[in-house]
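So the protein lines, in turn, are chains A and B. Residue 1 is where the first sequence starts when you use the UniProt record's numbering, and the numbers rise one by one after that. Residue 1 is where the second sequence starts when you use the UniProt record's numbering, and the numbers rise one by one after that. Don't be surprised by glycine CBs; every beta carbon is placed ideally from N, CA and C. Heads up, the thing below is written out as structure tokens.
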Amino acid sequence: MRPILLHGHIRSLTRVKYNREGDLIFSVSKDNKPNVWYSHNGERLGSYHGHNGTVWDLDISFDSKRLLTGSADSSARLWDVQTGKELFKWNTNTAVRAVAFAQGDKKALYVTDAVMGQKSTIWVVPVEDNVEDQTDEFMLKITIDGPKATVAEWGNLNKTIITGHDDGTITVWDAETGERIKEHRTHESTITDLQFTKNRATFISSSKDCTAKISDAKTLKIMKVFTTERPVNSASISPIKPHIVLGGGQEAMSVTTTDQRHGKFEARFYHLVFEEEIGRVKGHFGPINTLAFHPDGTGYASGAEDGFIRVHHFDDDYFNFKYAEEEMIEKEAVKSAA
Amino acid sequence: MPAETINKQKLDWADDVDDDAVDQQGPITRQEDDGTRVTVEYRVNEDGKKVKITRRTRMRLVQAQVNHAVAERKKWKKFGEASGLAPGPDSNSTSFGEQVFLKLTTTLKEQDNAPSEEKNPLEKLLQSAGKNKINCRICKGDHYTYKCPYKDTHQPLDEIAAPEPAAAPEPSATHDASGKYIPPSLRNKGLGGAPPVGETMGGRGGDRRDDLSTIRITNLSEDTTEQDVKDLVSRFGHTSRVFVARDRETNTCKGFAFVSYYSKEDAEKAQNALNGYGYDNLILRVEWAKSNKD
């Protein structure tokens, strides 16, 4: 496959996401302009101007009409996807680490950093259909005691909020009351990414402790562990295949001391069930910071410290790959059907 | 096109321009019966040679059903930094990377381990050969000499050579203490003492060369002179002979030299010190000179 290289950012990528249909790719980086691209040919549709600092996270509404970004310039902003116009701005006390639309796009959350004496806080805010009615009032404020949250997502049916923390803990909060429902020390170190499967029953979390783990979203029970020998910055589950892809590499500060050929910057494919590595994709010359599978599972995009996004469309042989065990099961299924 | 044109090109730049003008006729396109479009183009390549480029293209209309919203979004106007750009990917922000391969395989782990296994036998070999296998010549640590932390401050040879003469007066004593077997013929032999008579018994009669106290130095560089070798070896003891093999025609060093010492101890010392010594960018190899009879 020939990846498409997107270089609309002048600094390292922080988050790359497809919209629901997978025709658009949204990207944010440590420069201050989020970008949107057509995924099929890498054409840049536009950029969103307004932020004054690193943009840490983004989320796209279900209908791909609105974009939510959270930035280190102490603001979370709502954008019109089509025109690039800024619709609303939530001013915060500290940098915004994570943002997420709730299912239905009536609510959103953003997480502020624990700096300058402030505690890391989850803010749940209403999102109005009509921008005119939008206010900066919040519905719920959850102050986090302990290590700051680095990633946050809504649980199934917006009943819970799931956050990953700096010390490797994953916490489930009640989205109505703000109570801490469950907590589990899933990782040993900072959680770098948390991505749900489509049914939101399980999620994969990646961490600087060199592992990615799949946990049950309700009980936080660890179901699968994928171990590498380097910090994992991002992990994504294929929507159609039992595959996951991990991206990472050593810390950005030690990159210059290592050779690209050491293979630390490759995207690595693991089998979901067997927890075995099944493939690697080279390309980036910096550690991968963020990864996202196409919602159809036909490709994936990776954003790295080198400032590039690489959009991959899988070749046919990717879809034909099967384990011997998988083939056997299929044969038996055919037999029993006949 | 004939080679004539090419020659002309090289002769006169004016012709060059003319030729280019001819080349810039532009591609000729014709439609073939099976719907293939053939484009023929002539161009001068980097070597100044004229090449014919034929491109065959076949257009195929692929119909795909897409989501209505997706189709709508394809018509969106560009904005922000991309505003005003023509439709289609802009080369400033979008490019195609090199072909990469994702070969999914269940045996990746084994492949992965293979190189490390290759490495292991080497390490095992080194370990089995004993820890002394890697022995710094400067500080005698178990690292390579070039990695020695004292590399710049110590000179290995002088260090070795300097203390030895002090011990030299009673060489037999030190050797006895070390428990090394010394043949009777070599016992009670002082520094610079003449080689015992018995030693030459098996050797070539009348030949003054004493193989037992002669070392052969190999891997010398081409421009090594006799004086260079003398300087190198004389610090270990008095030499009776220094011979650098030279090429008959070029008179350059053939890469090896023989050095005879008056005493075997000195020769041994020199051998220990110089074997593996870096000299003139080369690592010297020093061994006992073998007699022709052996």
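query, result
"Any chain A beta carbon closer than 8 Å to B:VAL44", "no"
"Ordered list of beta strand (DSSP E) runs contained in the stretch 3 to 72 of chain A, each at least 3 residues", "4 to 6, 13 to 18, 24 to 29, 35 to 38, 44 to 47, 55 to 60, 66 to 71"
"DSSP-derived helix/strand/coil call for B:LYS230", "helix"
"Alpha-carbon to alpha-carbon, B:GLU249 and B:LYS290", "26 Å"
"Contact the stretch 6 to 16 of chain A vs the stretch 97 to 105 of chain B: 3+ CB pairs below 8 Å", "no"
"Neighbouring residues, chain B, relative to A:ARG97 (Cβ below 7 Å)", "Result: empty, since nearest Cβ-Cβ is about 24 Å, beyond 7 Å."
"The stretch 278 to 299 of chain A: positions lying closer than 9 Å to chain B by Cβ", "ILE278, GLY279, ARG280, VAL281, LYS282, GLY283"
"Beta carbon proximity, B:GLN63 to chain A, threshold 8 Å", "no"
"Candidates A:ALA149, A:ARG268, A:TRP123, of which the one nearest A:ILE278 by Cα", "A:ARG268"
"Test: A:MET328 CB closer than 8 Å to a CB of chain B", "no"
"Cβ-based neighbour list, A:ILE240, same chain, cut-off 6 Å, excluding 5 preceding and 5 following", "GLY297"
"Within-8 Å CB hit, A:LEU68 to chain E", "Structure shown: chain E not included; protein chains present are A and B."
"Rounded straight-line distance, which links the Cα of A:THR190 to that of B:ASP90", "38 Å"
"Residues bridged to A:HIS184 [DSSP beta-bridge criterion]", "A:ILE170"
"C-beta contact flag for A:ASP216 and A:THR202 at 8 Å", "yes"
"Integer-rounded CB distance, given that A:GLN195 should sit under 8 Å from A:ALA152", "Actually they do not touch by this definition, with Cβ atoms about 12 Å apart."
"Local Cβ density within 10 Å of A:ASN35, reported as buried at 16 or more and exposed below that", "buried"
"First and last residue of the uninterrupted alpha helix (DSSP H) at B:ARG73", "68 to 74"
"Helix, strand or coil at A:PRO126 [DSSP, three-state]", "strand"
"Per-residue DSSP class, three states only, for A:ASP133", "helix"
"Top-ranked residue by Cα proximity to A:PHE293, from A:HIS313, A:ASP306, A:GLY283, A:PRO126", "A:HIS313"
"6 Å Cβ shell around A:ILE181 - same chain, five flanking residues per side excluded", "VAL172, ASP174"
"For A:MET139, the three-state DSSP class (helix, strand or coil)", "coil"
"A:TYR270 - containing alpha helix (DSSP H), residue span", "Note, A:TYR270: premise wrong, no alpha helix (DSSP H); beta strand (DSSP E) at 267 to 271."
"A:GLU188, buried or exposed, once every other Cβ within 10 Å from all chains shown has been counted against 16", "exposed"
"For A:GLU137, the nearest candidate out of A:GLY155, A:GLY146, A:TRP123, A:ALA337 (CA to CA)", "A:TRP123"
"Cβ neighbour criterion (16 or more within 10 Å) applied to B:VAL66", "exposed"
"Simplified DSSP state of B:PHE256, which is helix, strand or coil", "strand"
"B:VAL233 vs B:VAL244 beta-carbon contact at 8 Å", "no"
"Check whether A:THR112 and A:ASN130 have beta carbons under 8 Å apart", "no"
"With 16 other Cβ atoms within 10 Å as the buried cut-off, status of A:LEU157", "exposed"
"Within 8 Å, strictly: CB atoms of A:ILE60 and A:VAL311", "no"
"Three-state secondary structure assigned by DSSP to A:ASN91", "strand"
"Residue span of the beta strand (DSSP E) that contains A:TYR110, given as start and end", "107 to 112"
"Any C-beta of chain A under 8 Å from that of B:SER95", "yes"
"Closest residue to A:THR121 among A:GLY22, A:THR219, A:VAL96 (Cα-Cα distance)", "A:VAL96"
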